[in-house]
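Visitor: Numbering (full-length UniProt numbering), first residue to last: 1 to 827.
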Amino acid sequence: MGKMKGEMWQYFWQGPKANSTQFRAVCLGCIRNQLGNGNTQLDDEAMVGLQDDTEFQNATLAVGSVLGEKKAMIAHILGGEKPCHFASPAAKAKANELRRKFQNHKREREAEVEVIEDTSSPQPSKKRKAVDRVETIQTKLKVFKGISIPFNDEEKKAIHKQFLRATISANLPFLWVEDPEVIKLFLMFRLLSEEYERVEQELETELKGKKVTLICDGVKDISKNNLMGVSISSGFKPRLIDLYDATADKKDGDSMEAALGAMVDKAEKKYGCIVTGLGTDNDGGTKAGRVKLGTHRPWILTFPCGAHQGHLCLADYFKVNPDAEKISEQATELIGWINNHGRVRAIFNNIQNEQNKQVKSYLIANATRWTTHLVAFLRLIELKQPLRTAAVMKWDDIIRAHVGAEKNTLAALTLRTAAEEQIEVIESGDFWRQLAGVVEDFEPIAYVTNICQSDRARPDIVLLAFVGMYLYFKNLPPARANVSKGMMERLERRWAGFNQPLMITALILNPYERLDSFGPDASANIINVNVMITELFGKITSHPSPEELDPEQIEEWEHGLLRRSQEFSAAFLHYCSSTGPFKDWDQLKADFEKIHNDDPIIFWESMKADREVCELADFALTVLQTVLNTSGNERQFSKVKIRKDRLRNRLQLRKLEQSIKIIENLREHHQNDGLKVTRSTRRNHSEDRVGALLQVPRYGEVLQENDANSPWSTLITNRRKWRAEMAQWKEDAQRHDENFGNDSEAGPLPLPETGQRSRSWLPRSLALLFGHSAIETQILEGGQPRRARRGAYSEEQLLMELLAQEKEDEILDDGALEGSGDEYNGH
């Protein structure tokens, strides 16, 4: 049986709970006065009958409330200097009666205390001095709603100061003092589980029915547990959905396939999304499990992390170029020497300040992040002049600072020798020239890695980045043929591990690229490209029906898939030939790009409304919105190591996952609300170099229409034949549109006639897909060789090359013949 209400509650309305045991109390007399308009004559009992009215509810918020405790309610009615003028006579009488009872009870307790006191000593006079009664009861309780804090400026500064003291004492991040959510969480007593439920509901609402990419990667926490982070990328935003402890799991292919399949099923069941892509790192067990899952579930596009492959390319570079490894070791040792000796560093800093009017740090590379080596070496080259000046002018001072107060002769000699070695490195011109060459090779690799670890690393972007890096090393000067050959071989191995149909399809479905980037030896024709992309479309649409079907329904289901494939193929042929819904794209592309930049997502979103190409548009969005990295997991893992450190190594996995999800959600809300400024991206590459650093030539910018009807071989062995076939097919497709228009009963678009036997076009090497002749070497000032930056082929160059090819006899290209020995087999 619940506790009965006190006597004063008949004159108050019960509001919301103030704490775990007490409610807020609102004076009925104050409510009666607030309502007015004929309600002033109602008694307290009649007022309670109006509690469901909207005006009554608004009045309770307007007049304020007190704590639902007897003394606080009596104090509101009787008050001190300001009693409640609107309380009913009965309420005042009851309040006076209860107050007298309290006072009489207090006097009785005081008398009992006097009786039990020691009477052996003379008793003090019982006559009381007359004193002024001071009323200490607050006459009015003001209610602060929302997150309004009743503190003045001095009190707020005191709270911030105490937050800072607690931060230093508990070794917390200083963001704790500044974060607006910290104060709200602290003062509102928001529980972790309640906030987690809110975040989960928000995530379920956002992901329901969406096509998403699932990415997962592993990390070890402070407790040496193998954690598997599972994230979902939707709209190019990664979100953590699960933190899985894989310590006890086997790491073979079958076990990893089962684990990855369980992750996919859990994500689809819990969030109602559709997983269309799966990305992992490329270690043994995970790679085998991913490949097996892609075989058993062909509707899921599987791929390795592009950012990991970019990092590994720099390790490949060191393996094929031992001289670069040696120079990098010298540079790293020099940076470490300066940073580890404070007095020596102070000398270099003084010269910096004299020459540049500022002092910059000597950056240290991270051993597990290869791209930081580029940043460290760029800073070292930037500080080259003050370093060399100090080495010449302050030689003796540097030696003395390095030797210090060492008294042992042998130890002092060792220190002096070490300092002289580093000074000689600084003074060496060969060291700086070789370091500049290493940095020049580092830059395209680091740029590729930065591109591939972005949250918007689409398959076509990753592909063009790797192609640009491949062409950079292919076009190295002949004197560096060993490095060129070694890097080309290793990049081909990296390319063989990617999902080639996915990346090639994404490149073709980018309306700003299409087929223009393929080289003269790509051997791509209409049939190969159409078959490859239609086959990939068939895999994605092969997802089994969520319901069990009878034989007739299965037949109808398969017939629907066949019809969708036919519509898709026809739409793709229109897209390739710039006919039908795409006939005006070539003329509108430049204006469209000025407004929307070169984002293909906006283009295909605008094409979804056209029923004729809606299947193609939906497929293109699925492919182009796939993110080819697990960088989202890497950022979430940094939060794992911040929140579970050596001082909190007993933090349970469940709470760790909840805290990471909540902090990611809060950061997103802070950015949307303007409470947190998004950090600007670093600029490690100059603007003039970025434009040409990884540029891939577009061979398709020139179309030789005069070759359209010439009787060439059916093998597509160079770009002239490819363009001739494309031109002829465009004419046939245009004629088909003029004759039949949008007639749904008309047959499919005509394909170009060819005697080539159908075969699998991919996998295929980068050399065959994007290769071209080498670019001449330029000589910089000072005699240093440097390859010319790749630019787009000019129209005049391509026309002259096409003309030269027409003059020579055509020889069949064995690279296009099956079984010739040049066919790419992924090794």
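Virtual Cβ for every residue (Gly too), placed ideally from N, Cα, C. As the structure is a prediction and not an experimental result, all values here were calculated from the model.
(1) Report, in whole angstroms, the separation of the C-beta atoms of P501 and L278, which I expect to be a contact under 8 angstroms.
(2) State the Cα-Cα distance for the pair G15 and N152, rounded to the nearest angstrom.
(3) Which residues in the same chain as L260 place their Cβ atom closer than 6 angstroms to its Cβ, once the five residues preceding and following it in sequence are excluded?
(4) Starting from G284, trace the alpha helix (DSSP H) in both directions and tell me its first and last residue.
(5) What separation, rounded to the nearest whole angstrom, lies between the Cα atoms of L766 and Q309?
(6) At which residues does the alpha helix (DSSP H) containing M8 begin and terminate?
(7) What is the DSSP secondary structure of I364, counted as helix, strand or coil?
(8) Buried or exposed for D396, going by 16 or more other Cβ atoms inside 10 Å?
(9) On a CA-only basis, which of K641, Q652, Q671 is nearest K220? Give me that one, please.
(10) Looking at C-beta atoms only, is the number of pairs between the stretch 650-663 and the stretch 480-491 that lie closer than 8 angstroms three or more?
(11) Spatial neighbours of G209 within its chain, please: C-beta separation below 8 angstroms, excluding the five flanking residues on both sides.
(12) Exposed or buried, Q422, counting other C-beta atoms within 10 Å across all chains shown (16 or more means buried)?
(13) Under the DSSP definition of a beta bridge, which residues are partnered with F23?
(14) Can you list, in chain order, the residues of its chain whose CB lies under 7 angstroms from that of K639, leaving out five sequence neighbours each side?
(15) Extract the residue ranges of the alpha helix (DSSP H) inside the stretch 492-576, only unbroken runs of 4 or more that lie entirely within it.
(16) How many Å lie between Y470 and I451 at the Cα?
(17) Given a threshold of 16 other Cβ atoms within 10 Å of its Cβ, counted over all protein chains shown, does M8 qualify as buried or as exposed?
(18) For Y317, would you say it is in contact with chain C, using Cβ-to-Cβ distances shorter than 9 angstroms as the test?
(19) Give me the residue from V425, I602, E45 with the minimum Cα distance to N510.
(20) Within 10 Å of its beta-carbon, does H341 have 16 or more other beta-carbons around it, so buried, or fewer, so exposed?
(21) Going along the chain, which residues of its own chain have a beta-carbon closer than 6 angstroms to the beta-carbon of T442, five neighbours each way excluded?
(22) By the 10 Å Cβ neighbour count, where 16 or more other Cβ atoms means buried, how is G580 classified, buried or exposed?
(23) Looking only at its chain, what residues have a beta carbon closer than 8 angstroms to the beta carbon of R99, apart from the 5 residues adjacent to it on each side?
(24) For the putative contact between N499 and L301, defined by C-beta atoms under 8 angstroms, what is the C-beta separation to the nearest angstrom?
(25) Report the rounded CA-to-CA distance for E197 versus L203, giving the unit in angstroms.
(26) Kindly give me the distance between the Cβ atoms of A446 and T534, rounded to whole angstroms, as I take these residues to be in contact under 8 angstroms.
(27) Report the three-state DSSP secondary structure of V230 (helix, strand or coil).
(28) Distance, Cα to Cα, P83 vs H76?
(29) Verify whether the separation of the beta carbon atoms of G6 and K101 is less than 9 angstroms.
(30) In or out: E45 buried (at least 16 other Cβ within 10 Å) or exposed?
(31) Contact check, V403 vs L415 under 8 angstroms by CB: the rounded distance?
(32) Take T505 as the anchor and find which of H311, F619, C27 has the nearest alpha-carbon.
(33) Tell me which residues share the same chain as E657 and place their Cβ nearer than 6 angstroms to its Cβ, disregarding the 5 neighbours each side in the sequence.
(34) Ends of the beta strand (DSSP E) at C216?
(35) Could you check where the beta strand (DSSP E) with D673 kicks off and where it finishes?
Guide: For this structure:
(1) Here residue 501 corresponds to residue number 501 of the sequence shown, with the count starting at 1. Here residue 278 corresponds to residue number 278 of the sequence shown, with the count starting at 1. In this structure P501 does not touch L278 by the C-beta definition: roughly 15 angstroms separates them, more than the 8 angstroms allowed.
(2) To locate residue 15, count along the sequence shown from 1; it is residue 15. To locate residue 152, count along the sequence shown from 1; it is residue 152. Taking the straight line joining both Cα atoms gives about 28 angstroms.
(3) Along the sequence shown, read from residue 1 onward, the residue named residue 260 stands at position 260. G289, L293.
(4) Here the question's residue 284 lines up with position 284 in the sequence shown. It spans 284-296 - the alpha helix (DSSP H) in which G284 sits, taken as one unbroken run.
(5) Taking the first residue of the sequence shown as 1, we reach residue 766 at position 766. Taking the first residue of the sequence shown as 1, we reach residue 309 at position 309. Going from the Cα of L766 to the Cα of Q309 covers about 15 angstroms.
(6) In the sequence shown, counting from the first residue as 1, residue 8 sits at position 8. Looking at the DSSP string, M8 is not in any alpha helix (DSSP H), and its letter there is neither H nor E.
(7) The count along the sequence shown starts at 1 and reaches residue 364 at position 364. I364: coil per DSSP, three-state reduction.
(8) As a working mapping, residue 396 is identified with position 396 in the sequence shown. Label assigned to D396: exposed.
(9) If you number the sequence shown from 1, residue 220 lands on position 220. Of K641, Q652, Q671, the residue nearest in Cα terms is K641.
(10) Contact between the stretch 650-663 and the stretch 480-491 is absent, with fewer than three C-beta pairs closer than 8 angstroms.
(11) Taking the first residue of the sequence shown as 1, we reach residue 209 at position 209. Cβ-Cβ distances below 8 angstroms link G209 to G272, C273, I274 in the same chain, with the five nearest sequence neighbours on each side left out; the list follows chain order.
(12) Working through the sequence shown from its first residue, we reach residue 422 at position 422. Buried, by the Cβ-count rule.
(13) Translated into the one-based positions of the sequence shown, residue 23 becomes position 23. DSSP lists K17 as partners of F23.
(14) The residue given as residue 639 occupies position 639 in the sequence shown. Contacts found: I660, I663.
(15) Secondary structure within the stretch 492-576: the alpha helix (DSSP H) runs of 4 or more consecutive residues, fully enclosed, are 500-508, 526-540 (chain order).
(16) Translated into positions along the sequence shown, residue 470 becomes position 470. Translated into positions along the sequence shown, residue 451 becomes position 451. When rounded, the separation of the alpha-carbon atoms in Y470 and I451 is 15 angstroms.
(17) Along the sequence shown, one-based indexing puts residue 8 at 8. When all chains shown are included, M8 counts as buried.
(18) In the displayed structure, chain C is absent; only one protein chain is listed.
(19) Residue numbering aside, residue 510 sits at position 510 when the sequence shown is read from its first letter. Looking only at V425, I602, E45, the smallest Cα-Cα distance to N510 is reached by I602.
(20) On the sequence shown, residue 341 is found 341 positions in, with the first residue counted as 1. Burial call: buried.
(21) What you label residue 442 is simply residue 442 of the sequence shown in a count that begins at 1. The question names Thr, yet the displayed sequence has Phe at residue 442. Here the set comprises L374.
(22) Taking the sequence shown and counting its residues from 1, the one referred to as residue 580 is at position 580. So G580 ends up on the buried side.
(23) Against the sequence shown, residue 99 aligns to sequence position 99. Listed in chain order, the non-local C-beta contacts of R99 below 8 angstroms within the same chain comprise I74, L78, local neighbours out to five positions each way being set aside.
(24) As a working note, residue 499 is residue 499 in the sequence shown. As a working note, residue 301 is residue 301 in the sequence shown. So it is a contact: roughly 6 angstroms between Cβ atoms.
(25) Stepping through the sequence shown from its first residue, residue 197 is reached at position 197. Stepping through the sequence shown from its first residue, residue 203 is reached at position 203. Their Cα atoms are separated by approximately 10 angstroms.
(26) Within the sequence shown, the letter at position 446 stands for residue 446. Within the sequence shown, the letter at position 534 stands for residue 534. So it is not a contact: roughly 38 angstroms between Cβ atoms.
(27) Taking the first residue of the sequence shown as position 1, residue 230 is located at position 230. Strand, per DSSP.
(28) Residue mapping note: residue 83 aligns to position 83 of the sequence shown, counting from 1. Residue mapping note: residue 76 aligns to position 76 of the sequence shown, counting from 1. So the alpha carbons of these two residues sit roughly 7 angstroms apart.
(29) The residue you call residue 6 lines up with position 6 of the sequence shown. The residue you call residue 101 lines up with position 101 of the sequence shown. In this structure, K101 does not lie closer than 9 angstroms to G6 by Cβ.
(30) Residue mapping note: residue 45 aligns to position 45 of the sequence shown, counting from 1. Exposed is the call here.
(31) Residue 403 sits at position 403 when you count from the first residue of the sequence shown. Residue 415 sits at position 415 when you count from the first residue of the sequence shown. The Cβ separation is near 5 angstroms, so the contact holds.
(32) Taking the first residue of the sequence shown as position 1, residue 505 is located at position 505. When only C-alpha atoms are compared, the closest one is F619.
(33) The count along the sequence shown starts at 1 and reaches residue 657 at position 657. Closer than 6 angstroms at Cβ, skipping near neighbours: L243.
(34) Numbered from its first residue, the sequence shown carries residue 216 at position 216. Segment 211-220, the beta strand (DSSP E) holding C216.
(35) The sequence position of residue 673 within the sequence shown is 673, counting from 1. In the DSSP assignment, D673 falls outside any beta strand (DSSP E) and within the unbroken alpha helix (DSSP H) covering 653-673.
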